[in-house]
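K.L.:
Residue numbers (the working numbering): 4 to 208.
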Amino acid sequence: SREEIAPGAVHVPGWLGLEEQRELVRACREWARAGMRSPKLPSGGVMSVRSVCLGWHWIPYRYSKTLEDGTPVTPFPDWLAELGRRALTAAFQRPADDYSPDVALVNFYDENAKMGMHQDKDERSEAPVISLSLGDEATFRFGNPRTRTKPYRDLTLFSGDLFVFGGPARFAYHGILRTTPGTAPDIGMKTGRLNITLRTSGLAP
Ligand code: MD3
Ligand code: FE
Numbered sequence: 004s005r006e007e008i009a010p011g012a013v014h015v016p017g018w019l020g021l022e023e024q025r026e027l028v029r030a031c032r033e034w035a036r037a038g039m040r041s042p043k044l045p046s047g048g049v050m051s052v053r054s055v056c057l058g059w060h061w062i063p064y065r066y067s068k069t070l071e072d073g074t075p076v077t078p079f080p081d082w083l084a085e086l087g088r089r090a091l092t093a094a095f096q097r098p099a100d101d102y103s104p105d106v107a108l109v110n111f112y113d114e115n116a117k118m119g120m121h122q123d124k125d126e127r128s129e130a131p132v133i134s135l136s137l138g139d140e141a142t143f144r145f146g147n148p149r150t151r152t153k154p155y156r157d158l159t160l161f162s163g164d165l166f167v168f169g170g171p172a173r174f175a176y177h178g179i180l181r182t183t184p185g186t187a188p189d190i191g192m193k194t195g196r197l198n199i200t201l202r203t204s205g206l207a208p
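Structure below.
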């Protein structure tokens, strides 16, 4: 099933099968091997999620400094771009051969982590953002492009769900209110939630 939550915002519950979810968890573990960062907030605090990015290594970027042990960030792999094209086709029901995401952000949520309402404006591209959820379910707030406040809609994101944010939804405010420990299927992570977002930087060399 697919549901258009707002123009350009499409939710495809359970898009990833269990085996694909397990493969993505394995990949995230590999990408995070040298550690994840707690990104800084504009206020000076640190975010409660831990993150690792793929790509962005060609330019100074707040998520792409090398990890604690000096390991450089992983380049964005071709197979992830291919997964992104399949995801876009499923969500928008049209071919997506021209979609070429080149960066990704992986966020890990422990049971206390959340993400405040924000817009994604680091990219210099209007291309859609693809979100894949793994592990514990989360309460996601999808807002509007004008204010952090109402109108918004709260939705539960389950392990395996696909969400695509394109067109007028691309610059909507959004956040994660909470996750629910103990709700993950058996995909190889004990606890917590992973979210992978595929993006087009618009800044690749
Ligand atoms: C709506 N991640 O990494 S995914 C982020 O679950 C981020 O980790 C959340 O917000 C997470 O920036 C939410 C859903 C999402 C991702 C990107 C979007 C919604 C979006 C970009 C534009 C509009
Ligand atoms: Fe975001």
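Positions of the beta carbon are idealized from the N, C-alpha and C atoms, including for glycine. Since the model is a prediction, treat every value here as computed from it, not as a measurement.
1) Residue 121: buried (16+ other C-beta within 10 angstroms of its C-beta) or exposed?
2) How far does the alpha helix (DSSP H) with residue 26 in it reach, from first residue to last?
3) Roughly how many angstroms separate the alpha carbons of residue 34 and residue 55, rounded to a whole number?
4) Going straight from the alpha carbon of residue 203 to that of residue 57, what length do you get?
5) For residue 49, which residues in the same chain have their Cβ closer than 8 angstroms to its Cβ, ignoring the five residues on either side in sequence?
6) Tell me, to the nearest whole angstrom, how far the beta carbon of residue 162 is from that of residue 138; I am working on the premise that it is less than 8 angstroms.
7) Considering residue 85, what are the terminal residues of the beta strand (DSSP E) in which it resides?
8) What three-state label does DSSP hand residue 116 in the structure shown?
9) Shorter than 7 angstroms, the distance from the beta carbon of residue 14 to the closest heavy atom of ligand 2, or not?
10) Can you name the start and end residues of the beta strand (DSSP E) that residue 60 belongs to?
11) Would you say residue 10 and residue 172 are within 8 angstroms of each other, going by their C-beta atoms?
12) Between residue 177 and ligand 1, is there a pair consisting of the residue's CB and a ligand heavy atom that are separated by less than 7 angstroms?
13) Could you check the C-alpha separation between residue 37 and residue 109 for me, to the nearest Å?
14) Assuming residue 168 is part of the beta strand (DSSP E), what are its boundary residues?
15) Ignore the nearest five residues each way along the sequence and tell me which others in residue 99's own chain have a CB closer than 7 angstroms to its CB.
P.N.:
On the basis of the coordinates in this document:
1) Looking at its Cβ environment, which holds fewer than 16 other Cβ atoms inside 10 Å, residue 121 is exposed.
2) Unbroken alpha helix (DSSP H) run through residue 26: 21-34.
3) Their backbone Cα atoms lie some 7 angstroms apart in a straight line.
4) If you take the alpha carbons of residue 203 and residue 57, they lie about 12 angstroms apart.
5) These residues qualify, in order along the chain: 41, 42 and 43.
6) Going by Cβ atoms, the distance from residue 162 to residue 138 rounds to 6 angstroms, so yes, they are a contact pair.
7) Following the DSSP letters along the chain, one finds residue 85 in no beta strand (DSSP E) but inside the alpha helix (DSSP H) bounded by residues 81-95.
8) Coil, per DSSP.
9) Outside the cutoff, so no.
10) Counting along the chain, no beta strand (DSSP E) covers residue 60, and no H or E run does either.
11) Judged by their CB atoms, residue 10 and residue 172 are nearer to each other than the 8 angstroms cut-off.
12) Shortest gap from the CB of residue 177 to any heavy atom of ligand 1: under 7 angstroms.
13) One C-alpha to the other measures close to 14 angstroms.
14) For residue 168, the enclosing beta strand (DSSP E) begins and ends at 165-168.
15) Cβ-Cβ distances below 7 angstroms link residue 99 to 88, 91 and 92 in the same chain, with the five nearest sequence neighbours on each side left out; the list follows chain order.
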